[in-house]
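Note sheet for the following structure.
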Amino acid sequence: MNRIIRGKEKIILFLIQLTAIFFLFFIISCNKFASFGKAKNLIIITMDTTRADALECYGNKNVHTPNINRIAQEGILFSNAASAAPITLPSHSSIMTGLFPINHGARDNSIYILPEENTTLAEVFKEKGFNTAGIVSTFILDSQYGINQGFDFFDDKFLNPEQKGRLPVQRKGIETATVAIDWLEENAKKKPFFMWVHFYDPHADYNPPEPYKTAYIDNLYLGEVAYTDMCIGMIIKELKKLDLYDDTLFVITADHGESLGEHGEQTHGIFIYDGTIHVPLIIRDPTSSIRGKKIDTQVRLVDIFPTVLELMGIDYKGETDGVSVAGFFEGKEVDENPSYCEAEIPKSFYWNALKGIRFDGWKYIFGKNKELYNLKDDPSERINLIEKESSKAKQLFTILKRIVANKRTFKKESNIKPLDEETIEKLKALGYFQAGGTSGKEEEYDELPTEFSRPDPLEQIKNYRKFQRINNLIDSKQYDAAEKGLKEIIKEDPENPRFLSTLAEMYKTLDRIKEAIPLYEKAAKFDPKNGRYYFLIGNLYNRIGKPSKAIEFYKKTVQLNPRHFLAHYNLGRFYTLQGDYEKAILEYETALKLRPDHSYSYNNLAYIYMEKLNDKKKGLEYLKKAVKASPNIAFIRKNYASALIDLGKYKEAEKEMKEALRLEPNNPKYYTELGNIYKKMGDLEKAQEMWKKSTEISSSKEGSTS
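Residue 0 is where the sequence shown starts when you use numbering that gives the first Met the number 0, and the numbers rise one by one after that.
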């Protein structure tokens, strides 16, 4: 009997243990965060415009980067990492999707976005239950370009209203780091997180704050790198303070490098030599015993995506061009893979784009001029071996052909971002004065042609450098010298719309309209599919009082680019003036479909409905939307106040009129209007006070101009 009981006890104990094991396995498989021996959190830090050899841990003895050094000492430094593009949005999109630009679709900073068809790292982590945060430091990575996909928190609005006279295009690293630290303090302990922090400081113009400016006065670029290292140190310190440092997988890399004069290029974007393609990549896995190791095998930025997912125990079945290199953290060897890269910016100068393959110590560049370099023997890429090493060139060209042939296609225009003039100005403020160019003949760039109709960037780099200097002259208002330089370039390249339109734009600034129009017309002739030139011609005809010609060119603009919201808006304005309200309403509504926050379109629709169609209620609805879209535009507040007066809503009108005065405290008309409101409210004393104030301001202004 006792034996039977003991036997039953053993069976029951076995079943209990089996059930416990099964339950534990069930919990682990269901728990999105449970993975023994894996980091709980992920931080990716991207340094804009940072060459691999700009860091101390990569051998540069002229810069001190102690915080990055520390991460390298505690992780793996990849000495041979390659970017897919020498420019910000395409490269960051490759990091976030694991795809080459030809496959994720965001191929340049100016007119492309990251399409929603892509799956980003943030989306993967968010689906797994992680808290996701992105903090960026430049307008190039604004959420409107699609890079924010999957982030619960995405901070790209970084200017204080008080910073007048400065376009909202970038911010200093300390501001970015502070936002990151604030987010960590508030959210990091709630649940596992993925955070991406982007620093823009090493980008030109190089102007590091003190003490870095003085310490690196002979090399301000390295000063910016050292300053960025300090900002990274702030985040590391915060992680340690929160006791999260040893729970966090840490990645430090750069989107691309900086040529610094190599091959005639001072900055980046035109070429795909290693000055801009060879970047730092350091990964610290707190659970790995491998520390302070240097890996010389080539890895790619597209490899970050699958690598961090494997290191964190997350299974991903989607497509990537990248391959996980997590094996290095277990002491294993990982095979090298070819790295594709491309430069699309030359297209906006009407030159051929460049494509390249970097593999097995060689670099092959495809363009009008073919190039081949042995990176081991010739790291500066000075000796073109395209003739001597034809078999190697053929091998790499075959790899390139395979990648191009298998490129992804996207829904129609899902990766295209129409440029408005405000965006173009922001891009210019960042140094991207090529913004607003054309894609040219697409077959020359999305295929691998045997013949090219446009020059190679290598042939035009002198003109490019001259063009950079000319833009600096224009910025400093040295117009005579700029005009001379532009005419010289146009003489050398007379059919280049980029140079023609730049001279036209300068003439427009100088009010030399009659000289500007034929230059824009020439630009349009040589790039007949680019609607922007027609739009600019329309603006000039409007400026000199030729509305019928302006309308003609605005119509051409929207025929070529139906998504050009400003052309639709301007057509609406002209139709309003002509009394064709049906057409005007259609154009304004089209503009608002393309730009839902365009307060001027709402304002003008309100005018039509209230003043011309006698629909006060609908007009008021549009004015409410105008105020919501642009709460800090005084005349819109004033118009809203006037509409409220017409409807007898004097208290609300008073509030709006006071807001208008807060925004423009020296506008005498606004005091008059506020006085009229008080009169209607029966408060003559306040009305007299406002009218008196209006008279005083008007008299003061007359006195100052007499």
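Each residue gets a CB set at the ideal place from its N, CA and C atoms; glycine is no exception. It should be emphasised that the depicted structure is a prediction, and the values quoted were computed from it without experimental measurement.
DSSP-derived helix/strand/coil call for residue i
{"i": "L502", "result": "helix"}
{"i": "F198", "result": "strand"}
{"i": "Y363", "result": "strand"}
{"i": "S288", "result": "coil"}
{"i": "F534", "result": "helix"}
{"i": "N470", "result": "helix"}
{"i": "Y372", "result": "strand"}
{"i": "V322", "result": "coil"}
{"i": "V62", "result": "coil"}
{"i": "K387", "result": "coil"}
{"i": "D181", "result": "helix"}
{"i": "V298", "result": "strand"}
{"i": "F348", "result": "helix"}
{"i": "S699", "result": "helix"}
{"i": "D217", "result": "coil"}
{"i": "D479", "result": "helix"}
{"i": "D52", "result": "helix"}
{"i": "F152", "result": "strand"}
{"i": "L604", "result": "helix"}
{"i": "G618", "result": "helix"}
{"i": "L683", "result": "helix"}
{"i": "A434", "result": "Any reading at A434 needs caution, since the residue's pLDDT is 42, under 50, leaving its predicted position unreliable; the model's value is listed next. A434: coil per DSSP, three-state reduction."}
{"i": "N186", "result": "helix"}
{"i": "S693", "result": "helix"}
{"i": "G571", "result": "helix"}
{"i": "T227", "result": "helix"}
{"i": "M233", "result": "helix"}
DSSP beta-bridge partners of residue i
{"i": "V250", "result": "I43 and I282"}
{"i": "C340", "result": "G355"}
{"i": "Q169", "result": "T137"}
{"i": "K293", "result": "L76"}
{"i": "H277", "result": "A81"}
{"i": "F409", "result": "DSSP output for F409 lists no bridge partner at all."}
{"i": "F192", "result": "N130"}
When the options are compared against residue i, the one with the closest alpha-carbon
{"i": "E332", "options": "S323, Y339 and S338", "result": "S323"}
{"i": "E388", "options": "K362, K513 and G104", "result": "K362"}
{"i": "L76", "options": "L241, F193 and G291", "result": "G291"}
{"i": "K190", "options": "D141, G128 and A179", "result": "G128"}
{"i": "R105", "options": "K367, F409 and N383", "result": "Sequence inspection shows Ala at residue 105; the Arg mentioned does not correspond to that position. Of the listed residues, the one whose Cα sits closest to A105 is F409."}
{"i": "E663", "options": "L683, N631, G681 and F193", "result": "N631"}
{"i": "K400", "options": "H197, F534, R468 and I356", "result": "I356"}
{"i": "N716", "options": "K650, G366, K691 and E494", "result": "For the chain, the structure presents residues 0 to 705; residue 716 sits outside this window and is missing."}
{"i": "F534", "options": "Q558, Y244 and Q467", "result": "Q558"}
{"i": "T275", "options": "A53, Y621 and I584", "result": "A53"}
{"i": "P448", "options": "K367, W350, K406 and N638", "result": "K367"}
{"i": "P85", "options": "K548, Y608 and L353", "result": "L353"}
{"i": "L576", "options": "A566, D320, V626 and Y606", "result": "Y606"}
{"i": "T266", "options": "Q467, T296 and V626", "result": "Q467"}
{"i": "R407", "options": "G97, D47 and I101", "result": "I101"}
{"i": "A187", "options": "M46, K240, P210 and D141", "result": "K240"}
{"i": "E695", "options": "N529, K668 and N373", "result": "K668"}
{"i": "F573", "options": "I282, V298 and E551", "result": "E551"}
{"i": "G260", "options": "I543, P89 and Y463", "result": "Y463"}
{"i": "A708", "options": "P595, Y532, N603 and V196", "result": "Outside the shown range of the chain, which is 0 to 705, sits residue 708, and nothing can be said about it."}
{"i": "H63", "options": "D242, P210 and P546", "result": "P210"}
{"i": "F358", "options": "R299, I385 and N351", "result": "R299"}
{"i": "D376", "options": "G360, Q459 and E341", "result": "G360"}
{"i": "V69", "options": "F150, E514 and D284", "result": "The residue asked about is misnamed: residue 69 is Arg in this sequence, not Val. Here the closest residue by C-alpha is D284."}
{"i": "K393", "options": "L371, N541 and V135", "result": "L371"}
Nearest-angstrom Cβ-Cβ length linking residue i and residue j, presumed shorter than 8 Å
{"i": "L92", "j": "I146", "result": "Reading off the sequence shown, one finds Ser at residue 92, where the question assumed Leu. Sure, about 6 Å apart at Cβ, within 8 Å."}
{"i": "L280", "j": "A38", "result": "No, L280 and A38 are not in contact; Cβ-Cβ is about 17 Å, not under 8 Å."}
{"i": "S693", "j": "Y670", "result": "4 Å"}
{"i": "S347", "j": "R497", "result": "7 Å"}
{"i": "Y639", "j": "L622", "result": "4 Å"}
{"i": "G484", "j": "K465", "result": "6 Å"}
{"i": "A625", "j": "Y601", "result": "4 Å"}
{"i": "A51", "j": "G256", "result": "7 Å"}
{"i": "D246", "j": "N40", "result": "6 Å"}
{"i": "D273", "j": "V301", "result": "So it is not a contact: roughly 17 Å between Cβ atoms."}
CB contact below 7 Å: residue i versus chain D
{"i": "K127", "result": "Among the chains in the structure shown there is no chain D, since it carries only a single protein chain."}
Unbroken stretches of the beta strand (DSSP E), 3 residues or longer, contained in the region 79-146 = 130-134
Note down, one range per segment and in chain order, each alpha helix (DSSP H) of at least 4 residues found wholly within the region 512-567.
-> 512-525, 530-542 and 546-559
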